[in-house]
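**Q**
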Amino acid sequence: MLSARYFVLNPKRFLQRNPVPVSCHLSIVGNRFQQQLRTSSTNQEQKVYELRIYTVKPNRFREYLDLTKEEFHLRTAHSKLLGYWVSEIGGLNQVVHIWEYDSLTHRATVRANLANDSVWISRYLSRVVDMFDTMTNSALTLLPNTEIALPTYKGVYELQTMSLRGAPSAWSNSLVSYVKACNSIDIGPTKLVGSWQSLLGPKQMVALLWFHPSPDSCVTLKHVIDSL
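Each residue of the sequence shown is one higher than the one before, counting from 1 in full-length UniProt numbering.
(1) Comparing alpha-carbon positions, which option in Leu140, Leu200, Leu143, Leu221 lies nearest Pro189?
(2) Are three or more beta carbon pairs between the stretch 128–141 and the stretch 193–205 nearer than 8 angstroms?
(3) For Asn137, does the three-state DSSP call read helix, strand or coil?
(4) Quick one: complete beta strand (DSSP E) runs, 3+ long, within the UniProt domain "NIPSNAP" (49–144)?
(5) Are the beta-carbon atoms of Tyr49 and Val56 separated by less than 8 angstroms?
(6) Excluding sequence positions up to five away, which residues of its chain have a Cβ less than 7 angstroms from the Cβ of Arg107?
(7) State yes or no: is the C-beta of Leu159 within less than 8 angstroms of the C-beta of Leu209?
(8) Does the Cβ of Ser217 have 16 or more other Cβ atoms within 10 Å, making it buried, or fewer, making it exposed?
(9) Identify whether Ser174 lies in helix, strand or coil by the three-state DSSP scheme.
(10) Can you tell me whether Ile187 is buried or exposed, with buried defined as 16 or more other CB within 10 angstroms of its CB?
(11) Taking 8 angstroms as the cut-off, does the stretch 178–186 touch the stretch 117–124 (at least 3 CB pairs, one atom from each stretch)?
(12) Taking the alpha-carbon of Phe72 as reference, which of Ser163, Arg127, Tyr157 has the nearest alpha-carbon?
(13) Would you mind sorting Leu175 into buried or exposed? The rule is 16 or more other CB atoms within 10 Å of its CB.
(14) Report the residue from Gly201, Tyr178, Gln204, Leu67 whose alpha carbon sits nearest the alpha carbon of Ser227.
(15) Take Val110 and list the residues in its own chain whose beta-carbon comes closer than 8 angstroms to its own, dropping the five residues that flank it on each side.
(16) Within a Cβ cutoff of 7 angstroms, which residues of the same chain sit near Asn113, ignoring the five residues on either side of it in sequence?
(17) The beta strand (DSSP E) that contains Thr152, what's its start and end?
(18) Identify which residue in Val206, Val129, Pro58, Glu147 has its Cα closest to the Cα of Ser87.
(19) If you measure between the beta carbons of His223 and Val156, is that distance less than 8 angstroms?
(20) Measuring CA to CA, which of Val219, Ile53, Phe61 is closest to Thr134?
(21) Figure out for me which residue from Leu81, Thr76, Ala207 has the closest Cα to the Cα of Thr146.
(22) Taking only three categories from DSSP, how would you classify Thr146?
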């Protein structure tokens, strides 16, 4: 029914000009989950989120981070960045970022505007394009009756992406119950920040983003989840 992979990410803030309330991150990446469940009618749940994962060439990684710190405000001027992290465990030399859009049409408009932004292209995109080994992305929507709750203080983040197997009828109710149980977990500052399902891209994927006060809290969460 389920497969998952786990990654740990270091805190990175590239957005002094457009700060986001995130600093460090852990991630779990798997395959993906199609939009089998209806989202509710709240404005937040109608939004589309894009998960991007880049693997950078090891000998260019420091150069990539320095350039991103200096110039990435050119990208965030076009659309909202939910978070940007550097992988520490689970995916070496990787960066993970999540973008928020009003719709797929809004995303297409942003991409078209970026393609015509000569400053963005000359100062950043043209300089990093040969630094990547791989680049992947997927479009997500929030799971039903959930919302995003970003913390305002520093910590680490854990992104769990789980690939679900079999017919949706076999796991959809269990998934809703599982996410409800995750939302009710009370282990101090550890909180479920957001939960998504795949809309376009690899099928049958669910992504859960957690906040922890420290990396060791990830182990505590694992023990609690294993007991659900």
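Beta carbons are placed, not taken as given, at the ideal position from N, Cα and C, and that holds for glycine.
**A** Here's the rundown:
(1) Within the sequence shown, numbered from 1, the residue matching residue 189 stands at position 189. Closest by alpha carbon: Leu221.
(2) Output reads yes: the stretch 193–205 touches the stretch 128–141.
(3) Within the sequence shown, numbered from 1, the residue matching residue 137 stands at position 137. Shown here, Asn137 sits in a strand according to DSSP, grouped into three states.
(4) The qualifying runs are 80–89, 94–101, 132–142.
(5) Position 49 of the sequence shown, counted from the first residue, corresponds to residue 49. Position 56 of the sequence shown, counted from the first residue, corresponds to residue 56. For Tyr49 and Val56, no; Cβs fall outside 8 angstroms.
(6) For the purposes of this step, residue 107 is taken as the residue at position 107 of the sequence shown. For Arg107, where only same-chain residues beyond five positions count, the Cβ hits under 7 angstroms are Val48, Glu50, Tyr101.
(7) Indexing the sequence shown from 1 puts residue 159 at position 159. Indexing the sequence shown from 1 puts residue 209 at position 209. Yes, the Cβ-Cβ distance between Leu159 and Leu209 is below 8 angstroms.
(8) In the sequence shown, the residue the question calls residue 217 occupies position 217. So Ser217 ends up on the buried side.
(9) Working through the sequence shown from its first residue, we reach residue 174 at position 174. DSSP places Ser174 in helix when its eight states are reduced to three.
(10) For this step, residue 187 is matched to residue 187 along the sequence shown. Counting Cβ neighbours within 10 Å, Ile187 comes out exposed, since fewer than 16 surround it.
(11) Flag = no, the stretch 117–124 and the stretch 178–186 do not touch.
(12) Taking the sequence shown and counting its residues from 1, the one referred to as residue 72 is at position 72. Measuring from the Cα of Phe72, the nearest candidate turns out to be Arg127.
(13) Against the sequence shown, residue 175 aligns to sequence position 175. Buried.
(14) As a working note, residue 227 is residue 227 in the sequence shown. The option with the nearest alpha carbon to Ser227 is Tyr178.
(15) Here residue 110 is taken as the residue at index 110 of the sequence shown, counted from 1. Hits under 8 angstroms: His78, Ser79, Tyr101.
(16) Residue mapping note: residue 113 aligns to position 113 of the sequence shown, counting from 1. His78.
(17) By 1-based counting over the sequence shown, the position of residue 152 is 152. It is not in any beta strand (DSSP E) - Thr152 carries neither H nor E in the DSSP assignment.
(18) For the purposes of this step, residue 87 is taken as residue 87 along the sequence shown, with counting starting at 1. Check the Cα spacing between Ser87 and each of Val206, Val129, Pro58, Glu147: the tightest is with Pro58.
(19) Taking the first residue of the sequence shown as position 1, residue 223 is located at position 223. Taking the first residue of the sequence shown as position 1, residue 156 is located at position 156. In this structure, Val156 does not lie closer than 8 angstroms to His223 by Cβ.
(20) Against the sequence shown, residue 134 aligns to sequence position 134. The residue from Val219, Ile53, Phe61 with its alpha-carbon nearest to that of Thr134 is Ile53.
(21) Along the sequence shown, read from residue 1 onward, the residue named residue 146 stands at position 146. The shortest C-alpha separation from Thr146 is found at Ala207.
(22) The residue labelled residue 146 in the question sits at position 146 within the sequence shown. DSSP, read as helix, strand or coil, puts Thr146 in coil.
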